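By my numbering, the letter at position 44 of the sequence shown is numbered 1063, and the numbering carries on one by one without gaps.
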Amino acid sequence: MWVEYKTGWKLLEDRKHINFTDKCGIGQLKLIGTWDLHFYQINQIKRIRIVKRSDGYYVQFCIDAERNIEIKPTNKTIGLDVGLNSFYTDYQGDKVDNPRYLRKSEKS
């Protein structure tokens, strides 16, 4: 179970407390644990999600951060054959079975 907030929250100046201003009665919460919120500006936080798990409540912060990953081209080509009997066959002849058991477990 989770509740998502795009508005209706305010991170306090010490960045160890969060105040919910949506009049649902949550109020102010103290953030405990490890966090790296001081690295980010307030306007980089796009969403906050309150998640209930078996061992308590957690606050997740969705941060708008740019990631620059430089991928070097390998100039190699592979081939994949998607089929009915097997999920796919690669260029070396290795076959991967269809995920039929996964679909059966998802239905039940």
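Note that CB positions come from ideal geometry on N, CA and C, so glycine has one too. Since this is a predicted model, take the numbers as computed values, not measurements.
Checklist line | Helix, strand or coil at Gln1111 [DSSP, three-state] | finding: Position 92 of the sequence shown, counting from 1, holds the residue named residue 1111. It is coil, neither helix nor strand.
Item checked: Where Ile1090 falls, given that 16 or more other Cβ within 10 Å makes a residue buried -> By 1-based counting over the sequence shown, the position of residue 1090 is 71. Flag for Ile1090 reads exposed.
Margin query: On the DSSP letters alone, give me the boundaries of the beta strand (DSSP E) that Gly1046 sits inside.
Written below: Along the sequence shown, one-based indexing puts residue 1046 at 27. 1046 to 1049 is the extent of the beta strand (DSSP E) around Gly1046.
Check: When burial is assigned at 16 or more other CB atoms within 10 Å of the CB, is Ile1061 buried or exposed?
Finding: Position 42 of the sequence shown, counted from the first residue, corresponds to residue 1061. Under this definition Ile1061 is an exposed residue.
Check: Out of Asp1109, Gly1098, Asp1083, Asn1104, which has the shortest C-alpha to C-alpha gap to Lys1025?
Finding: Your numbering for residue 1025 matches position 6 in the sequence shown. For Lys1025, the nearest C-alpha among the options comes from Asp1083.
Item checked: beta strand (DSSP E) segment containing Arg1072, residue limits -> By one-based count along the sequence shown, residue 1072 stands at place 53. Unbroken beta strand (DSSP E) run through Arg1072: 1064 to 1072.
Note to self: Spatial neighbours of Ile1045 within its chain, please: C-beta separation below 7 Å, excluding the five flanking residues on both sides.
What the structure shows: Here residue 1045 corresponds to residue number 26 of the sequence shown, with the count starting at 1. Correct list, in chain order: Phe1039.
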